[in-house]
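Number of protein chains: 2
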Amino acid sequence: MLIIGEKINASIKSVGQAISDKNEEFLINLAQDQAEAGADLIDVNAGVGQDARESATTIIEWLIDLVQDVVEQPLCIDSDDPAVLKAALGRYRGETVMINSVDAEPDRLQSVGRLAAERQASLVALVMKEGGIPRTVDERLQAAEIIVEHLARVGVREDQIYFDPLVLPISVDTTQALVTLRTIEEIKSLYPSAKTVMGLSNISYGLPNRGIVNRSFMLMAASAGLDAAILNPLDKKLMSLVRVADMLTNKDPLCKGFIRAHRKGLLED
Amino acid sequence: MLIIGEKINASIKSVGQAISDKNEEFLINLAQDQAEAGADLIDVNAGVGQDARESATTIIEWLIDLVQDVVEQPLCIDSDDPAVLKAALGRYRGETVMINSVDAEPDRLQSVGRLAAERQASLVALVMKEGGIPRTVDERLQAAEIIVEHLARVGVREDQIYFDPLVLPISVDTTQALVTLRTIEEIKSLYPSAKTVMGLSNISYGLPNRGIVNRSFMLMAASAGLDAAILNPLDKKLMSLVRVADMLTNKDPLCKGFIRAHRKGLLED
């Protein structure tokens with residue numbers, strides 16, 4: 030499974046503070062720690078900024094520079110704002126890059142889709158229209174269809190798309206884990222060259238013992254075909270289970286990665 | 030998920046010794062502890078006996094009496110020997126009972142199938158012929174077809190059958206977890222009123238950190254539709270994840286079982 034390190038995100042309080050304070054050491058450590066822990070990409074979300082648009086683009090440019098100077102891993106540039114994404118892509122020197130994210134909203138599919146096409150970037154696409162996360166598999170697949178069609182028009186190939194199947198809290202509706210798992214399977218079947226990606230923690234919203242719920246859901250999603258996850262690579266229990274998931278889904282030839290992780294003492298029971 | 034407590038099994042050294050020694054206290058505790066820990070059925074395997082056939086039937090009769098007197102849960106009577114199964118069923122007073130097991134071998138399907146039909150018992154059926162566990166999904170489904178046909182002839186209904194999809198160690202062949210998961214899905218699709226059941230520990234044979242591998246595989250199997258598992262209910266981490274699996278597969282309405290387990294301090298992270 031491709032691991033996208035989620036920690037450099039202004040919505041995490043300590044990280045938002047570090048970005049406001051221009052605390053470079055804190056942010057550099059967070060980037061390097063995630064890379065060392067096994068992140069394949071580093072997500073970078075600078076938040077919406079407290080001031081005007083210009084400020085948000087200035088902040089993301091500073092943050093991209095900071096991170097790209099200290100880690101070799103490609104970045105996943107994370108913003109709702111096409112102008113911020115454009116500024117970040119302009120600054121980023123890496124060849125491989127991921128953009129996070131679009132949904133089935135046509136204007137953003139066009140503007141962000143063009144950025145992805147120009148840069149040959151991977152693009153995270155949430156299978157929802159305006160008005161929130163759909164409750165059914167069919168509605169999510171309808172959104173996926175809109176996404177594929179609009180992106181094709183601006184030159185984004187199916188194999189650049191990472192569909193996010195989306196997940197609603199199980200505490201609100203106990204069918205929702207199965208809805209997400211079926212959505213992954215259907216997307217993999219309908220768009221065989223596209224990939225799937227997901228954040229995990231929404232599943233356990235409102236429940237106690239959230240860690241075991243999130244980790245269990247990751248294993249089920251891996252089994253359904255999930256290709257990538259946006260998660261905290263500093264969570265050793267979760268990363269141990271990512272290694273198990275890779276082994277059980279035949280992505281770890283001869284179990285070498287798992288056995289190496291065991292020898293290095295990385296597996297936490 | 031239906032939990033079949035696996036601990037009363039003569040192949041476990043301390044248990045085999047307790048059976049030889051007629052150590053009633055040890056075995057009574059093992060039955061009661063499993064029941065309290067959440068086992069829905071208690072597996073009883075008295076081993077092959079050291080002496081003649083008569084001895085094996087005498088031992089199972091003694092063991093069935095011992096266990097049925099102290100737990101309310103139905104028993105899962107576990108033997109390769111039709112004569113032992115017959116003796117045990119003759120002794121057992123419970124209305125609900127499971128027989129463990131047959132495979133696709135016609136003679137046993139007939140003899141053990143008749144016992145299951147007479148007693149309206151559930152019957153564990155391993156999807157293999159003579160010569161070991163097949164490596165492919167198709168060969169396992171061929172065995173399932175033979176099993177269904179032969180059992181129908183002696184009056185065992187499809188809804189009495191618990192198919193064991195079987196699992197080969199991932200350390201020998203990294204495709205084998207997926208083979209087992211696909212077998213579960215196919216059986217559920219081909220025989221919708223039949224159930225599936227599995228032991229977990231074979232998956233991790235030859236690997237370090239077997240616990241996390243077994244638990245991860247349980248979650249994936251639950252997601253594929255596994256109805257029952259033969260496991261150690263005294264393993265708190267595993268039982269915590271069984272509760273999560275039930276919740277995520279929509280078998281725990283309103284998450285009540287999970288939240289109750291949390292309040293009782295039963296969830297181990």
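First to last, the sequence lines map onto chains A and B.
Numbering-wise (our numbering), the first sequence opens with residue 30 and increments by one.
Numbering-wise (our numbering), the second sequence opens with residue 30 and increments by one.
Quick reminder that beta carbons are idealized off the backbone N, C-alpha and C, glycines included.
For chain B, is any of its Cβ atoms less than 9 Å away from the one on residue 216/A? For the purposes of this step, residue 216/A is taken as the residue at position 187 of the first sequence. No - not a single Cβ of chain B is within 9 Å of the one on residue 216/A.
In chain B, what lies closer than 8 Å to residue 195/A by C-beta? For the purposes of this step, residue 195/A is taken as residue 166 along the first sequence, with counting starting at 1. What residue 195/A touches in chain B: nothing, since even the nearest Cβ is about 16 Å away.
Excluding the 5 residues preceding and the 5 following residue 208/B in the sequence, name in chain order all residues of the same chain whose CB lies nearer than 6 Å to its CB. Position 179 of the second sequence, counted from the start, is the residue given in the question as residue 208/B. So the list reads 166, once near-sequence residues are dropped.
In or out: residue 34/A buried (at least 16 other Cβ within 10 Å) or exposed? By one-based count along the first sequence, residue 34/A stands at place 5. Its Cβ being crowded by 16 or more others within 10 Å, residue 34/A is buried.
Assuming contact is defined by CB atoms lying nearer than 9 Å, are residue 231/A and residue 271/A in contact in what I supplied? Taking the first sequence and counting its residues from 1, one reaches residue 231/A at position 202. Taking the first sequence and counting its residues from 1, one reaches residue 271/A at position 242. Cβ distance not < 9 Å, so residue 231/A and residue 271/A don't count as in contact.
Proximity to residue 109/A [Cα-Cα], best of 89/A, 50/A, 179/A, 180/A: Position 80 of the first sequence holds residue 109/A. Considering only alpha carbons, the answer is 89/A.
Scan the segment 200–224 of chain A for residues whose Cβ lies nearer than 7 Å to a Cβ of chain B and list them as they occur along the chain. 200, 203, 204, 206, 207, 210
When burial is assigned at 16 or more other CB atoms within 10 Å of the CB, is residue 308/B buried or exposed? Outside the modelled stretch of chain B, which goes from 30 to 298, sits residue 308/B, for which no answer is possible.
Is the number of C-beta pairs between the segment 274–294 of chain A and the segment 276–286 of chain B that are closer than 8 Å three or more? no
Helix, strand or coil at residue 243/A according to DSSP, with G and I counted as helix: By 1-based counting over the first sequence, the position of residue 243/A is 214. In the structure shown, residue 243/A sits in a helix (DSSP, three-state: H, G or I).
Residues within the segment 267–282 of chain A neighbouring chain B, beta-carbon criterion of under 8 Å: 269, 270, 273, 274, 276, 277, 278, 279, 281, 282
Proximal residues of chain B, C-beta to C-beta of residue 240/A below 9 Å: Mapped onto the first sequence, residue 240/A falls at position 211. Going along chain B in sequence order, the residues near residue 240/A (Cβ under 9 Å) are 298.
Take the Cβ of residue 149/B as the centre, count every other Cβ of all protein chains shown within 10 Å, and call the residue buried at 16 or more, exposed below. On the second sequence, residue 149/B is found 120 positions in, with the first residue counted as 1. It counts as exposed.
Output needed for residue 133/B: all residues of its chain with C-beta closer than 6 Å, excluding positions within five of it in sequence on either side, in chain order. Taking the second sequence and counting its residues from 1, one reaches residue 133/B at position 104. Cβ neighbours of residue 133/B beyond the five flanking positions: 158, 172, 175, 176.
Residue 192/B touches chain A at which residues, Cβ-Cβ below 8 Å? Locating residue 192/B in the second sequence gives position 163, where the first residue counts as 1. Residues of chain A passing the Cβ test: none, with the nearest at roughly 19 Å.
Apart from the five residues just before and just after residue 47/A, which ones in its own chain have a Cβ nearer than 7 Å to its Cβ? In the first sequence, residue 47/A corresponds to position 18, counting from 1. Counting only Cβ-Cβ distances below 7 Å, and skipping sequence neighbours, we find 55, 56.
Relative to the alpha-carbon of residue 223/B, which residue among 169/B, 146/B, 30/B, 189/B has its alpha-carbon at the smallest distance? For the purposes of this step, residue 223/B is taken as residue 194 along the second sequence, with counting starting at 1. Cα-wise, what sits closest to residue 223/B is 189/B.
Just mark residue 269/A as buried or exposed, buried being the case when its beta carbon has 16 or more other beta carbons within 10 Å. Numbered from its first residue, the first sequence carries residue 269/A at position 240. Counting the other CB atoms within 10 Å of its CB gives residue 269/A a total of 16 or more, which places it among the buried residues.
Alpha-carbon to alpha-carbon, residue 255/A and residue 136/A: Position 107 of the first sequence, counted from the start, is the residue given in the question as residue 136/A. Position 226 of the first sequence, counted from the start, is the residue given in the question as residue 255/A. Straight-line Cα distance between these residues: approximately 28 Å.
Residue 161/B to residue 121/B span [Cα, whole Å]: Position 132 of the second sequence, counted from the start, is the residue given in the question as residue 161/B. Position 92 of the second sequence, counted from the start, is the residue given in the question as residue 121/B. Those two C-alpha atoms are separated by around 31 Å.
Given that residue 105/B touches chain A, what residues does it touch there, using C-beta distances under 8 Å? On the second sequence, residue 105/B is found 76 positions in, with the first residue counted as 1. Within chain A, no residue comes near residue 105/B; the closest Cβ sits about 26 Å away, beyond 8 Å.
In terms of DSSP beta bridges, what is residue 225/B paired with? Counting from 1 along the second sequence, the entry for residue 225/B is found at position 196. According to DSSP, which records beta bridges pairwise, residue 225/B is partnered with 192/B.
I need the DSSP call for residue 37/A, collapsed to helix, strand or coil. Residue 37/A sits at position 8 when you count from the first residue of the first sequence. Residue 37/A: coil per DSSP, three-state reduction.
Which residues in the same chain have their Cβ closer than 8 Å to the Cβ of residue 40/A, if we skip the five residues on either side of it in sequence? The residue given as residue 40/A occupies position 11 in the first sequence. Excluding sequence neighbours, residue 40/A sits near 74, 76.
For residue 141/A, the nearest candidate out of 107/A, 243/A, 263/A (CA to CA): Against the first sequence, residue 141/A aligns to sequence position 112. Closest by alpha carbon: 107/A.
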